[in-house]
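Engineer:
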Amino acid sequence: MKIFWQDERLPLKKEFFGKRTPSFLEIGFGKGHFLEYLLSFNESAVGIEVSKEMIELVSKRLSPYTERLFLFHGDARFIIKYVLPEMIFEKIFLLFPFPWPKERHKKRRIYEGDFPKVIWKALKEEGKFYVVTDEEEFLSELKERFLKDGLFSESEFEEDLKEKAYQTKYAKKWKEKGKEIFSLCLKKNQKEFFLEKRIKITGKPDHFLLKSTEFPEDYMRKEEDRVFTLKQVFSSESGMIFKFFSKEEDLSQTLFFLMEKKRNIILRPLFREKTVFTEWIMQNIEDFFRIK
Ligand SMILES: C[S@@+](CC[C@H](N)C(=O)[O-])C[C@H]1O[C@@H](n2cnc3c(N)ncnc32)[C@H](O)[C@@H]1O
Numbered sequence: 000m001k002i003f004w005q006d007e008r009l010p011l012k013k014e015f016f017g018k019r020t021p022s023f024l025e026i027g028f029g030k031g032h033f034l035e036y037l038l039s040f041n042e043s044a045v046g047i048e049v050s051k052e053m054i055e056l057v058s059k060r061l062s063p064y065t066e067r068l069f070l071f072h073g074d075a076r077f078i079i080k081y082v083l084p085e086m087i088f089e090k091i092f093l094l095f096p097f098p099w100p101k102e103r104h105k106k107r108r109i110y111e112g113d114f115p116k117v118i119w120k121a122l123k124e125e126g127k128f129y130v131v132t133d134e135e136e137f138l139s140e141l142k143e144r145f146l147k148d149g150l151f152s153e154s155e156f157e158e159d160l161k162e163k164a165y166q167t168k169y170a171k172k173w174k175e176k177g178k179e180i181f182s183l184c185l186k187k188n189q190k191e192f193f194l195e196k197r198i199k200i201t202g203k204p205d206h207f208l209l210k211s212t213e214f215p216e217d218y219m220r221k222e223e224d225r226v227f228t229l230k231q232v233f234s235s236e237s238g239m240i241f242k243f244f245s246k247e248e249d250l251s252q253t254l255f256f257l258m259e260k261k262r263n264i265i266l267r268p269l270f271r272e273k274t275v276f277t278e279w280i281m282q283n284i285e286d287f288f289r290i291k
């Protein structure tokens with residue numbers, strides 16, 4: 000089972016998944032019972048979860064499927080748009096997404112922005128997107144966004160899939176509370192459009208050579224919807240550690256760098272394997288440490 004990617008260039012190539020390209024994707028799989036059902040079809044599957052706890056739990060529980068289950072930790076909106084190859088999935092499932100019910104949080108709901116286009120790109124021709132929720136308003140707004148511009152048409156939600164999708168942890172929870180469950184299946188139409196990708200992913204740097212150990216006390220840069228801030232600086236046995244926060248579109252990351260002073264002054268990214276480096280991050284690191 001591959002969790003996350005290491006040094007591969009993004010977006011990943013189909014070959015990342017080995018002989019069998021995955022047919023199914025589940026967004027926000029929680030305890031992973033529906034993902035387990037998908038694996039019973041003897042196909043490969045991808046699951047995306049923002050909760051690290053769920054990733055750990057499901058990777059242990061579904062370890063027998065190590066050859067054909069691929070779990071990604073992070074925000075599905077970023078991972079589908081920038082990490083996964085295009086046009087690979089036959090079916091994508093979104094079961095009981097957290098709908099941000101409060102009016103002031105509406106903008107954060109998953110269907111906002113370019114999400115319909117992102118799902119469209121991830122699906123094969125005639126691929127389908129399945130949604131199940133206890134929130135009728137959430138579903139009708141999602142449907143409106145997906146049918147707009149003719150990207151998708153409403154389609155049949157097969158009974159066997161629906162039966163299983165109505166048995167997830169959250170399905171059971173809401174049914175016990177007497178809530179009604181709503182579902183929708185959308186089929187991809189033929190369409191031409193442009194999907195803007197504003198995040199520019201770069202290679203992963205191994206280290207930077209610094210000219211001095213000086214750095215500013217505060218640092219915060221904001222441009223449109225991008226942010227980069229210095230959060231903390233602390234000393235360790237190996238040198239000074241810098242903690243930054245970076246956000247672009249749906250990619251939020253906490254970054255750590257170690258400044259070592261030996262013969263040269265060297266800056267090394269920590270947890271490099273888990274970090275997505277972008278032009279925005281590189282530009283801010285260069286400005287902060289006056290690298291150029
Ligand atoms: C209400 S739970 C439903 C879990 C499961 N699908 C079920 O039906 O039992 C919503 C899940 O979606 C995950 N989630 C929410 N937003 C996400 C996002 N943007 N990307 C990936 N996972 C997300 C949460 O961590 C949580 O596990």
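Residues in the sequence shown are numbered from 0 upward in steps of one, following numbering that gives the first Met the number 0. A virtual CB, placed ideally from N, CA and C, is assigned to each residue, including glycine.
#1: Starting from the C-beta of Pro215, find all residues in its chain whose C-beta is less than 8 Å away, skip the five residues before and the five after it, and write them out in chain order.
#2: Among residues of its own chain, excluding the 5 on either side of Lys352, which ones have a beta-carbon nearer than 7 Å to its beta-carbon?
#3: By the three-class DSSP mapping on this structure, what secondary structure does Val226 have?
#4: Checking the sheet assignment: what are the DSSP bridge partners for Phe244?
#5: Roughly how many angstroms lie between the CA atoms of Ala44 and Thr212, to the nearest whole one?
#6: Can you list, in chain order, the residues of its chain whose CB lies under 6 Å from that of Val131, leaving out five sequence neighbours each side?
#7: Pairs of beta-carbons, one from the stretch 155–172 and one from the stretch 199–207, closer than 8 Å: are there three or more?
#8: Who are the Cβ neighbours of Ile79 in its own chain at under 6 Å, not counting the five residues just before and after it?
#9: Just to confirm the assignment, what range does the beta strand (DSSP E) spanning Arg267 have?
#10: With a threshold of 8 Å, establish whether the CB of Ser50 neighbours any heavy atom of ligand 1.
#11: Is Tyr169 a contact residue of ligand 1, with contact defined as CB to any heavy atom under 8 Å?
#12: With hydrogens ignored, establish whether the beta-carbon of Asp6 is closer than 8 Å to any heavy atom of ligand 1.
#13: When DSSP builds the beta bridges, which residues end up paired with His72?
#14: For Leu34 and Leu61, which I take to be in contact (beta-carbon distance under 8 Å), what is that distance rounded to the nearest angstrom?
#15: Please classify Glu134 as buried or exposed, where buried requires at least 16 neighbouring CB atoms within 10 angstroms.
#16: What does a CB cutoff of less than 6 Å around Ala75 pick up in its chain, not counting 5 residues either side in sequence?
#17: Beta-carbon within less than 8 Å of Leu11's beta-carbon, same chain only, minus the 5 sequence neighbours each way: which residues are those?
#18: Sort Met281, Ile265, Gly29 and Glu157 by Cα distance to Met53 and report the nearest one.
#19: In the DSSP assignment, what are the bridge partners of Phe88?
#20: At what residues does the beta strand (DSSP E) containing Ile26 begin and finish?
#21: On the DSSP bridge assignment, give the partners of Met258 in chain order.
#22: Which residues mark the beginning and the end of the beta strand (DSSP E) in which Glu136 is found?
#23: Which one of Leu269, Met239 and Ser251 has the shortest CA to CA distance from Glu259?
#24: Taking Lys291 as part of the beta strand (DSSP E), name the residues at either end of that continuous run.
#25: Take every Cβ of the stretch 146–153, pair it with every Cβ of the stretch 63–77, and state whether three or more of those distances are shorter than 8 Å.
#26: Scan the stretch 164–225 and note each continuous alpha helix (DSSP H) run of 4 residues or more that stays entirely inside, going in chain order.
#27: Quick one: using the 10 Å Cβ neighbour count with 16 as the cut-off for buried, is Asp217 buried or exposed?
#28: According to DSSP, what are the bridge partners of Glu157?
Structural biologist: In brief:
#1: Leu229 and Phe287
#2: Nothing can be reported for residue 352, as the shown portion of the chain is limited to 0 through 291.
#3: strand
#4: Per DSSP, the beta-bridge partners of Phe244 are Thr228 and Thr253.
#5: 47 Å
#6: Leu94, Ala164 and Ser182
#7: no
#8: Val117 and Ala121
#9: Counting along the chain, Arg267 sits inside the beta strand (DSSP E) bounded by residues Ile264 to Leu269.
#10: yes
#11: Using a cutoff of 8 Å, the CB of Tyr169 counts as near ligand 1, since one of the ligand's heavy atoms is closer than that.
#12: no
#13: Glu48
#14: Yes, Leu34 and Leu61 are in contact; Cβ-Cβ is about 7 Å, under 8 Å.
#15: The Cβ neighbour count for Glu134, taken over all protein chains shown within 10 Å, is at least 16; the residue is labelled buried.
#16: Ile26 and Ile47
#17: Trp4, Val82, Leu83 and Pro84
#18: Gly29
#19: Phe88 is bridged to Leu122.
#20: Phe23 to Ile26
#21: Met239 and Leu266
#22: Glu136 -> not in any beta strand (DSSP E); alpha helix (DSSP H) instead, spanning Glu135 to Leu146.
#23: Met239
#24: Taken as a continuous stretch (DSSP letters only), Lys291 belongs to no beta strand (DSSP E), as it is neither H nor E.
#25: no
#26: 168–175
#27: exposed
#28: According to DSSP, which records beta bridges pairwise, Glu157 is partnered with nothing at all.
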